[in-house]
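A short worksheet on the structure shown next.
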Amino acid sequence: YFGCCIAFFFSIILSAKALMMRTGMMMKLATIDTLKIKVLESDAGAALAAEDALRERGGGTLNAKCKLRLFDTEKEPRLILYRDPSYWCPYCAKLSMQLEEKRIPYKIEMVPMRSYGIKSQDFLNKVPGGFLPAIELDGNVYTESLDIMVMVDDTFNGPEHRRTLPPRGTPEFEEARQLLGLERQLFRSWCDFVFRGSLGSKRAFERDLHVVEKELERGGKDKPFFMGQSDPGIVDMQYFSHLERIFASVAYWKGECIRGDYKKYPNINAFFDALEKRPSYALTRSDFYTTITDIPPQYGNGVFDRMAPKQHSYEKAISGAEWTLPMNPDALEVKLQPGWEEFEPNAHIEALFRLVNNFSAVAKFASRPAGEGVGRWGTFRPDRSALADPEAKPAKGQALSDVEAALSIVAHILADKLEIKAEHAVTLDEIISDAKRRATTASCLIYLRDRIGVPRDMSYPAARALRCTLGWTVEHLQKKKI
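Remember, the working numbering sits 837 above the position in the sequence shown when you count from 1.
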């Protein structure tokens, strides 16, 4: 009896000690408001805040949050660009780059694509077909991206706005016209190869791609753009957004690597290396995951080449097979899409900055699986993105509180430079102990993870850091609590 009492006494002491340790760990975790202050104390966080403040005033570098671009002028812009907020529209991207390269002041009005949202009646009154992009110039509305770009080049010229198209009637203009025709030819052969997979389609696609590769050879290292130019023109702007889609789709569905294959496609890769250094493009480019999720509602599903040796590994990598912690710096996903190196050292800070400064909205968005209407909008509608839920409603009460708690842990892991600490797991287990609540919260974090968009939400390295942190948190929630 005495031995049992001693054992019971020591079990109480150990339990109390464990509880005190867990409580102590929980108390160490800062609030979201404290993390907002902490991230601003870092050089990278302060730089992000300063750049966002410049963008609010129409300055800074272009990113997906911009609504006004002034280029050091105080004049009221004559031009309004109507484009999609998720940066899925390739034709919007072409026009946006031209406006940036020509430094034309403009306002930006965000209008969702049909594949993921509902256009406002005000916009449909201006553009009855709902086409994107559209511009309003001096009160007149125009559509068709290439027609707009030619008109913009004619309207805004002179020393302040460099030409992006050669003068009409010149040999250079005729060359540009032929290169624009080649872009359409490459687009058609890509569609045939990726979305239909018809006999001989791969050969035709590779033939057209090699013609493009040859055309880019002309300028050498110092002039990597079409027609041997050192700055991008309309021709370059017509190519880049569909080449982005080509890189991602051919890797994912066909197991072929183009971006990063400097041996087979040195000039195409040099073209993108140069583009990525330009402010007009650097923060508006997408990643492979975002691209392969935005393609199906616009073009249809690709046809998998299951016989290609690398197709399955590429598909898994792009789909997030390694979205967990610790992050693998040599992940195949990273190797498939080079050019983001300058963003990687501060990726966790960028992800933390975007999360804590929009915490309430992110938590409500993530809680949708515990709310109402998830998946309803796109049901039996292949023209609507499976990831879009414009009619979904967020959860309330306990489910939302659990999501907020889990996202708080995610924020702390980001603040700790992606290092998992004991207090992260202990606190999560204490707050969300019930198995059903853990499963619900995990489903909400998966919902959020799969909908982080590049460039809409953040750069690719930051998105990867957040996806991996969410992935680890999901794995922990799905473990049986001991």
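Every residue gets a Cβ at the ideal spot worked out from N, C-alpha and C, and that includes glycine.
Enumerate in chain order the residues of its own chain whose CB-to-CB distance from residue i is below 7 Å, with the five nearest sequence positions on each side excluded.
i     : result
A1242 : I1268, I1269
R859  : Summary for R859: the model assigns pLDDT 42, below 50, so the residue's position carries little reliability; its value from the coordinates is reported in the next sentence. Only V1263, E1267 meet the Cβ criterion.
S848  : Per-residue confidence for S848 stands at a pLDDT of 49, beneath the threshold of 50, marking its modelled position as unreliable; no derived number is given.
M864  : Unreliable positioning characterises M864 in this predicted model, as indicated by a pLDDT of 46, which lies under 50. The coordinate reading is nonetheless provided below. Nothing listed; no residue qualifies.
M988  : Y979
W1214 : R1221, A1225, D1226, P1227, E1228
L1307 : V1247, L1282, L1285, R1286
Going along the chain, which residues of its own chain have a beta-carbon closer than 6 Å to the beta-carbon of residue i, five neighbours each way excluded?
i     : result
F1108 : L1053, P1061
A901  : Y924, P1292, R1293
K1147 : G1092
K1039 : F1030
A1013 : P1003, V1072
Y1102 : E1050, I1095
K944  : L905, P914, I917
S1280 : P1206
Identify, in the order they occur along the chain, each residue of the same chain with its Cβ nearer than 8 Å to the Cβ of residue i, setting aside the five sequence neighbours on each side.
i     : result
C842  : Only weak support exists for where C842 lies, its pLDDT of 47 falling under 50; the value from the coordinates is given anyway. Once the five neighbours on either side are set aside, C842 has no close Cβ partner at all.
K854  : Note that K854 has pLDDT 41, beneath the 50 cutoff, so the model's placement of it is unreliable and the number below is only indicative. If we look at K854 and ignore the five residues flanking it on each side, it has no Cβ neighbours.
A1248 : I869, L872, L1189, L1192, V1193, F1196
G861  : Confidence at G861 is low in this model, with a pLDDT of 47, below 50, so the placement of that residue should be treated as unreliable; the coordinate-derived value is given next. Excluding sequence neighbours, G861 sits near nothing in its chain.
P1116 : T898, L899, E937
S1086 : W1027, V1031, T1128, I1129, I1132, G1139
C1305 : E1159, W1160, T1161, L1162, M1164, L1255
R1033 : V1140
D889  : G897, K902
E981  : F968
Identify the continuous beta strand (DSSP E) that holds residue i and give its terminal residues.
i    : result
R920 : 916-920
N977 : 977-980
E946 : 943-947
Where does the unbroken alpha helix (DSSP H) through residue i begin, and where does it stop?
i     : result
Y1118 : 1116-1119
T1127 : 1125-1136
G1212 : Element bounds for G1212: n/a, residue is neither H nor E.
T1277 : 1272-1286
W1309 : 1297-1315
N994  : Counting along the chain, N994 falls outside any alpha helix (DSSP H), and DSSP gives it neither H nor E.
Y1076 : 1071-1091
L877  : 869-878
R1044 : 1038-1052
G1018 : 1008-1028
C929  : 927-939
N900  : No alpha helix (DSSP H) holds N900; DSSP gives it neither H nor E.
I1105 : 1103-1112
K1201 : 1196-1203
T1264 : 1259-1268
Could you name the residues that DSSP lists as bridge partners for residue i?
i     : result
Q1066 : F1062
K1230 : E1209
L905  : K944
Thinking just about the alpha-carbon of each residue, which of the options is nearest to the one in residue i?
i     : options                    : result
D991  : L936, K956, G1018          : L936
L1237 : R1213, T1121, P1298, T1278 : T1278
H1261 : P1298, D1239, H1313        : H1313
F908  : L885, A887, I941, Y928     : I941
Q1235 : R1275, I1246, A1198        : R1275
K1230 : G882, E1209, D1167         : E1209
S1067 : T1001, M1144, D1124        : T1001
P949  : N962, R920, N977, E973     : R920
F1202 : G1176, L1244, P1008        : L1244
K1100 : H1047, Y1118, L1112        : H1047
K1114 : E1152, D1124, W1177, A971  : W1177
Y928  : I1105, F968, R894, T910    : F968
F960  : Y953, S952, I972           : I972
S1173 : V1199, N1104, I1083        : Correcting the residue type first, residue 1173 is Leu in the shown sequence and not Ser. Out of V1199, N1104, I1083, I1083 has the C-alpha closest to the C-alpha of L1173.
3-residue-minimum beta strand (DSSP E) runs that sit fully inside the region 950-980, ordered along the chain = For the beta strand (DSSP E) assignment, the uninterrupted runs of no fewer than 3 residues enclosed by the region 950-980 are, from N- to C-terminal side, 971-974, 977-980.
task = Mind listing, in chain order, the continuous alpha helix (DSSP H) runs of no fewer than 4 residues lying wholly within the region 1153-1183?
result = The qualifying runs are 1169-1173.
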